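Asks: Take this structure, written in structure tokens, and hold onto it; I'll ask about it next.
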Amino acid sequence: MKLAKDAKPQVKLLLFATLITVVLWFIPYADFLVYPLRLFVTFIHESSHAIVGALTGSSVKTLAVFPNGEGVVLLTSYNWFSSFLTSSAGYLGTTICGALLLVAMRRNFPAKNALLILACLIGSMTLLFGLITPLFNISDEAITLQQIGFTFLVGSTLSAGLFFLAFRCSPKVQNFAVAFLAVQLVLNALFDLKTLFLINAPLIGSNIHTDAKNMEQLTNIPAIVWVLIWIAISVLIVSITLRLYAISQKDSQRN
Numbered sequence: 001m002k003l004a005k006d007a008k009p010q011v012k013l014l015l016f017a018t019l020i021t022v023v024l025w026f027i028p029y030a031d032f033l034v035y036p037l038r039l040f041v042t043f044i045h046e047s048s049h050a051i052v053g054a055l056t057g058s059s060v061k062t063l064a065v066f067p068n069g070e071g072v073v074l075l076t077s078y079n080w081f082s083s084f085l086t087s088s089a090g091y092l093g094t095t096i097c098g099a100l101l102l103v104a105m106r107r108n109f110p111a112k113n114a115l116l117i118l119a120c121l122i123g124s125m126t127l128l129f130g131l132i133t134p135l136f137n138i139s140d141e142a143i144t145l146q147q148i149g150f151t152f153l154v155g156s157t158l159s160a161g162l163f164f165l166a167f168r169c170s171p172k173v174q175n176f177a178v179a180f181l182a183v184q185l186v187l188n189a190l191f192d193l194k195t196l197f198l199i200n201a202p203l204i205g206s207n208i209h210t211d212a213k214n215m216e217q218l219t220n221i222p223a224i225v226w227v228l229i230w231i232a233i234s235v236l237i238v239s240i241t242l243r244l245y246a247i248s249q250k251d252s253q254r255n
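In this note's numbering, the protein residues as written are 1 to 255.
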């Protein structure tokens with residue numbers, strides 16, 4: 001697969017964003033630098049669960065993120081189909097979101113608009129599922145005011161940061177921000193799936209409750225199989241996205 005000439009500037013930007021990401025992973029005590037990015041990825045992951053759940057008929061009680069970077073969506077599902085799609089939505093939704101940002105870059109979709117969409121998405125998820133619905137379900141012992149407060153703080157801060165990038169930064173900074181966030185979503189989704197594989201691997205796995213365990217309970221298919229399916233789908237999505245990156249826009253329009 002030959003790289004199209006008109007793709008080179010965007011590919012260079014993408015490679016630079018990837019390089020920065022990898023370097024941050026290996027810098028000692030750089031956790032405080034990547035911590036907001038971890039929370040951003042978690043917010044997209046949990047938002048994917050919440051959106052799919054709501055669209056397929058489930059009642060979302062809360063969307064929460066925690067100081068350790070993990071998150072949860074509590075919901076009441078009224079049908080098997082909704083439970084099935086909702087359980088699969090987290091990792092795949094994160095990968096798809098990252099892939100869409102990459103495709104948007106390649107198609108010259110304004111980076112400012114991409115940042116505004118992300119800001120509105122996180123802001124609406126924070127207000128609706130991070131604040132309003134959990135307050136209505138505060139009698140549930142799994143929902144606490146501390147949980148609601150931290151989630152609202154994280155969501156509003158992320159949303160405000162994205163709005164700042166969209167309205168106060170130069171186009172070059174905006175383009176890099178979109179590329180950087182896209183890389184975070186794609187790479188973290190893949191690495192989280194690797195962790196999920198180890199958690200559910202035979203003999204060495206643990207009893208931690210995960211999305212894959214939910215799928216096992218729904219289908220009687222082992223959790224490790226679902227992890228492998230999600231990995232395969234995620235790799236396919238990334239491969240197609242990179243293919244779209246490599247070909248000329250003129251060729252894609254002609255086809």
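Yeah, the Cβ is synthetic: ideal placement off N, Cα and C, and Gly gets one too.
Computed from a prediction, not measured in an experiment: that's the story for all the values here.
Under DSSP, the beta strand (DSSP E) around L74 begins and ends at which residues?
Replies: Translated into positions along the sequence shown, residue 74 becomes position 74. That run of the beta strand (DSSP E) goes 71-76.
Asks: Nearest by alpha-carbon distance to L115: which of R168, N220, I221, V22 is it?
Replies: Residue mapping note: residue 115 aligns to position 115 of the sequence shown, counting from 1. Cα-wise, what sits closest to L115 is R168.
Asks: Can you grab the Cα-Cα spacing for the pair L153 / L85, in whole Å?
Replies: The sequence position of residue 153 within the sequence shown is 153, counting from 1. The sequence position of residue 85 within the sequence shown is 85, counting from 1. Going by the C-alpha atoms only, they are around 28 Å apart.
Asks: Which residue from H209, F164, F180, N137 puts its Cα closest to that of R38?
Replies: Taking the sequence shown and counting its residues from 1, the one referred to as residue 38 is at position 38. The shortest C-alpha separation from R38 is found at F180.
Asks: For A64, list the residues DSSP reports as bridge partners.
Replies: Here the question's residue 64 lines up with position 64 in the sequence shown. Looking at the DSSP assignment, A64 forms a beta bridge with V72.
Asks: Excluding five sequence neighbours on each side, which residues of the same chain lie with their C-beta closer than 6 Å to the C-beta of L118?
Replies: On the sequence shown, residue 118 is found 118 positions in, with the first residue counted as 1. Hits under 6 Å: L162.
Asks: Between T76 and A111, what straight-line distance do the alpha-carbon atoms span, to the nearest angstrom?
Replies: On the sequence shown, position 76 is the one that residue 76 refers to. On the sequence shown, position 111 is the one that residue 111 refers to. Going by the C-alpha atoms only, they are around 36 Å apart.
Asks: Is it right to say D211 is buried, meaning 16 or more other beta carbons lie within 10 angstroms of its own, or is it exposed?
Replies: For the purposes of this step, residue 211 is taken as residue 211 along the sequence shown, with counting starting at 1. Flag for D211 reads buried.
Asks: Tell me, to the nearest whole angstrom, how far the beta carbon of S234 is from that of T95; I am working on the premise that it is less than 8 Å.
Replies: Locating residue 234 in the sequence shown gives position 234, counting from the first residue. Locating residue 95 in the sequence shown gives position 95, counting from the first residue. Rounded, the Cβ-Cβ distance is 4 Å, consistent with contact.
Asks: With distances taken between CB atoms, is the gap from V227 to F197 smaller than 8 Å?
Replies: Here residue 227 refers to the residue found at position 227 when the sequence shown is read from its first residue. Here residue 197 refers to the residue found at position 197 when the sequence shown is read from its first residue. Yes, these two residues count as a Cβ contact at 8 Å.
Asks: Taking the alpha-carbon positions, what's the P171 to L15 distance?
Replies: The count along the sequence shown starts at 1 and reaches residue 171 at position 171. The count along the sequence shown starts at 1 and reaches residue 15 at position 15. Each residue's Cα considered, the two are about 18 Å apart.
Asks: Under a three-way DSSP split, which group does S83 fall into?
Replies: Counting from one through the sequence shown, the residue named residue 83 turns up at place 83. Three-state DSSP puts S83 in a helix.
Asks: Identify whether S59 lies in helix, strand or coil by the three-state DSSP scheme.
Replies: On the sequence shown, residue 59 is found 59 positions in, with the first residue counted as 1. S59: strand per DSSP, three-state reduction.
Asks: Select from A54, S47, K213 the residue whose C-alpha is nearest the C-alpha of L121.
Replies: Translated into the one-based positions of the sequence shown, residue 121 becomes position 121. Comparing Cα-Cα distances from L121 to each of A54, S47, K213, the minimum goes to S47.
Asks: Going residue by residue through the region 169-209, where are the continuous beta strand (DSSP E) segments of at least 3 residues, counting only ones entirely within it?
Replies: Complete beta strand (DSSP E) runs here, min 3: none at all.
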